[in-house]
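The sequence shown begins at 0 in numbering that gives the first Met the number 0 and counts up one residue at a time.
Just so you know, even glycine gets a beta-carbon here, dropped at the ideal spot from N, CA and C.
Here the structure is a predicted model, which means the values were calculated and not measured.
The structure appears right after this line, and notes come after that.
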Amino acid sequence: MYIFAVNLSGDIKGLLVDIAAALIAIPVIVVTYELWNDKSHKALNENVYRYAENEMGRAMLEIKAQMEMLLEGYCVYFDAGDVVLEDSGQGNYILRMKDEAKILYDEDGTPYQRKYQVEYDGGFEADEPDIEEFDIGTVFSIITDVQYLGYQICDVQFEGAIHRLDELIKNSFIMERMDDEENSVIIHLLEALSMLHSFVEQHRQDLFLRTDIEVQGFAWDLLKHRNVISGVVGLYRLYYREKDEGSEKLVYEQALDEKVMMDAEENNLVSVYIVNPDYYTIFGDLINEVLSSIRDWRRTNAGSVVIDFDSAQIRRL
């Protein structure tokens, strides 16, 4: 139109040139806007993608903590090498915490542990095992030996973690920003965790067996309780307590955990339990499936670094 218009004269020439200019300018403006808009949203989409990955990573941190309890038993409350277990005979053991692992307080009342101080050089080095890298044989071997406190197993359940995963999956804002590999891992994890939950619920009465083993060093307190229609709800706290052998005087105490329980069997809170040998294989397989999913997630683009907003820390999955 422009080429045709320049060969004319008068008002018609001006009109056609203006129309031609508009027809050229409008597409250029639209294309330029789309390119700029795409560039502007690329950074936003990248941030949203990272947020979605981190939310899934936080859910997996919660699940990993539950798997650590199932594989480490009452040792889950301590770092590797923090404690020693002395055999006093006849199935009785004395748990002793090393001095380097005990919580001390400075002049301002701030807690610290010597093993984390730069100037401390006591040769106290022990790496935490990475449970996600355990193969099925290792998991089976651990299940046959692990010991729990009644405090730990009285409320073993995975409904909270399953609900959180399910809510994330239903969130299209998050799921649409995951790639196919990540979505596949998430679905597999939800399936594996649901199977483990169903198994535990079905065999809750005989999955864990109480033993005659006694471990000295654990104690509990009831902080608060309230009667409700369905029973008694209590806030319980688990401690490591160390007493003088001669006078039985309390010489050291460290809080290990705190949680709310319904109708807790208080007489068995520090009793020792083991996994029923009849369920070694299937229980180990189900735990391994959950660990396998977390391991697969670490190999996706999401990686293994998670920002845990609850603890205000950057943590490794």
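Inset, instruction - Tell me, please, which residues DSSP counts as bridged to Gly-233. - result: Counted from its first residue, the sequence shown places residue 233 at position 234. For Gly-233, DSSP records a beta bridge to His-224, Met-260.
Legend entry - Alpha-carbon spacing of Ser-171 relative to His-187, whole angstroms: Along the sequence shown, one-based indexing puts residue 171 at 172. Along the sequence shown, one-based indexing puts residue 187 at 188. Cα to Cα, Ser-171 sits roughly 18 angstroms from His-187.
Inset, instruction - Going by CA-CA distance only, name the one from Asn-266, Met-177, Phe-157 that's closest to Val-195. - result: One-based indexing of the sequence shown puts residue 195 at position 196. A small correction: the amino acid at residue 195 is Leu; Val does not occupy that position in the sequence shown. The shortest C-alpha separation from Leu-195 is found at Phe-157.
Inset, instruction - May I ask which residues mark the beginning and end of the beta strand (DSSP E) holding Asp-321? - result: The requested residue 321 does not occur in the structure, where the chain is confined to residues 0 to 316.
Inset, instruction - Please specify which runs of the alpha helix (DSSP H), each continuous and at least 4 residues long, are wholly inside the stretch 102-185, giving them in chain order. - result: Every unbroken stretch of the alpha helix (DSSP H) spanning 4 or more residues and falling wholly within the stretch 102-185 is given here in chain order: 135-144, 149-152, 158-169, 171-174.
Legend entry - Residues bridged to Gln-89 [DSSP beta-bridge criterion]: Counting from 1 along the sequence shown, the entry for residue 89 is found at position 90. The partner list for Gln-89 (beta bridge, DSSP) is empty, contrary to what the question assumes.
Inset, instruction - Go ahead and label Glu-71 buried or exposed: buried means 16 or more other beta carbons lie within 10 angstroms of its beta carbon, across all protein chains shown. - result: On the sequence shown, residue 71 is found 72 positions in, with the first residue counted as 1. It is buried - the Cβ of Glu-71 has at least 16 other Cβ atoms within 10 Å.
Inset, instruction - Inspect the beta-carbon positions of Tyr-238 and Leu-221 and report whether they are closer than 8 angstroms. - result: Counted from its first residue, the sequence shown places residue 238 at position 239. Counted from its first residue, the sequence shown places residue 221 at position 222. The Cβ-Cβ distance between Tyr-238 and Leu-221 does not fall below 8 angstroms.
Legend entry - Sheet register partners of Gln-312 (DSSP bridge): Taking the first residue of the sequence shown as position 1, residue 312 is located at position 313. Gln-312 is bridged by DSSP to Asp-307.
Inset, instruction - Could you tell me if Leu-111 is buried or exposed, where buried requires 16 or more neighbouring beta carbons within 10 angstroms of its beta carbon? - result: For this step, residue 111 is matched to residue 112 along the sequence shown. Rather than Leu, the amino acid found at residue 111 in this sequence is Tyr. Around the C-beta of Tyr-111, fewer than 16 other C-beta atoms lie within 10 Å, and the residue is accordingly described as exposed.
Inset, instruction - Can you check DSSP and say which residues form a bridge with Arg-57? - result: Mapped onto the sequence shown, residue 57 falls at position 58. Note: Arg-57 sits in no beta bridge, so no partner.
Inset, instruction - Return helix, strand or coil for Arg-298, following the three-state DSSP convention. - result: Here the question's residue 298 lines up with position 299 in the sequence shown. In this structure, Arg-298 counts as coil in the three-state DSSP scheme.
Inset, instruction - Rounded to whole angstroms, what's the CA-CA distance from Tyr-272 to Met-55? Just pull it up for me. - result: As a first step, residue 272 is located in the sequence shown; it is residue number 273 there, counting from the start. As a first step, residue 55 is located in the sequence shown; it is residue number 56 there, counting from the start. Going from the Cα of Tyr-272 to the Cα of Met-55 covers about 32 angstroms.
Inset, instruction - Can you check DSSP and say which residues form a bridge with Val-271? - result: In the sequence shown, residue 271 corresponds to position 272, counting from 1. In the DSSP assignment, Val-271 is bridged to Leu-148.
Legend entry - Nearest-angstrom Cβ-Cβ length linking Val-250 and Asp-243, presumed shorter than 8 angstroms: For the purposes of this step, residue 250 is taken as residue 251 along the sequence shown, with counting starting at 1. For the purposes of this step, residue 243 is taken as residue 244 along the sequence shown, with counting starting at 1. The Cβ separation is near 5 angstroms, so the contact holds.
Legend entry - For Glu-213, the first and last residue of its enclosing beta strand (DSSP E): Numbered from its first residue, the sequence shown carries residue 213 at position 214. It spans 213-215 - the beta strand (DSSP E) in which Glu-213 sits, taken as one unbroken run.
Legend entry - Assigned exposure category for Phe-3 - 16 Cβ within 10 Å defines buried: Residue 3 sits at position 4 when you count from the first residue of the sequence shown. Classification of Phe-3: exposed, given that the 10 Å Cβ count is below 16.
Inset, instruction - Out of Val-138, Ala-20, Lys-12, Tyr-48, state which residue places its alpha-carbon closest to the alpha-carbon of Ile-173. - result: Position 174 of the sequence shown, counting from 1, holds the residue named residue 173. Checking every option, the nearest Cα to that of Ile-173 belongs to Tyr-48.
Legend entry - 8 angstroms Cβ cutoff met for Leu-84 and Tyr-92: Taking the sequence shown and counting its residues from 1, one reaches residue 84 at position 85. Taking the sequence shown and counting its residues from 1, one reaches residue 92 at position 93. Between Leu-84 and Tyr-92, the C-beta spacing is below 8 angstroms.
Inset, instruction - Kindly indicate which residue of Val-305, Asp-284, Ala-100 has the alpha-carbon position closest to the one of Ala-254. - result: Stepping through the sequence shown from its first residue, residue 254 is reached at position 255. Nearest in C-alpha terms to Ala-254, of all of Val-305, Asp-284, Ala-100, is Ala-100.
Inset, instruction - On the DSSP bridge assignment, give the partners of Ala-254 in chain order. - result: Stepping through the sequence shown from its first residue, residue 254 is reached at position 255. Per DSSP, Tyr-238.
Legend entry - Test item: CB-CB of Leu-192 and Leu-167 under 8 angstroms: One-based indexing of the sequence shown puts residue 192 at position 193. One-based indexing of the sequence shown puts residue 167 at position 168. Not closer than 8 angstroms, so no.
Legend entry - Cβ-based neighbour list, Lys-97, same chain, cut-off 8 angstroms, excluding 5 preceding and 5 following: As a first step, residue 97 must be located in the sequence shown, where it is residue number 98. In the same chain as Lys-97, and ignoring 5 residues on each side of it, the C-beta atoms closer than 8 angstroms to its own belong to Gly-80, Asp-81, Val-82, Val-83, Phe-123, in chain order.
Inset, instruction - Spatial neighbours of Glu-264 within its chain, please: CB distance less than 8 angstroms, with the 5 preceding and 5 following residues excluded, ordered by chain position. - result: Here residue 264 refers to the residue found at position 265 when the sequence shown is read from its first residue. Answer for Glu-264: Gly-149, Cys-153, listed in chain order.
Inset, instruction - Could you tell me the distance, in whole angstroms, from the CA atom of Glu-33 to the CA atom of Ile-313? - result: Residue numbering aside, residue 33 sits at position 34 when the sequence shown is read from its first letter. Residue numbering aside, residue 313 sits at position 314 when the sequence shown is read from its first letter. Rounded to the nearest angstrom, the two C-alpha atoms are 37 angstroms apart.
Inset, instruction - Taking the CB atoms as reference points, tell me whether Ile-142 and Phe-282 lie closer together than 8 angstroms. - result: Numbered from 1 along the sequence shown, position 143 holds the residue referred to as residue 142. Numbered from 1 along the sequence shown, position 283 holds the residue referred to as residue 282. Yes, they are a contact pair.
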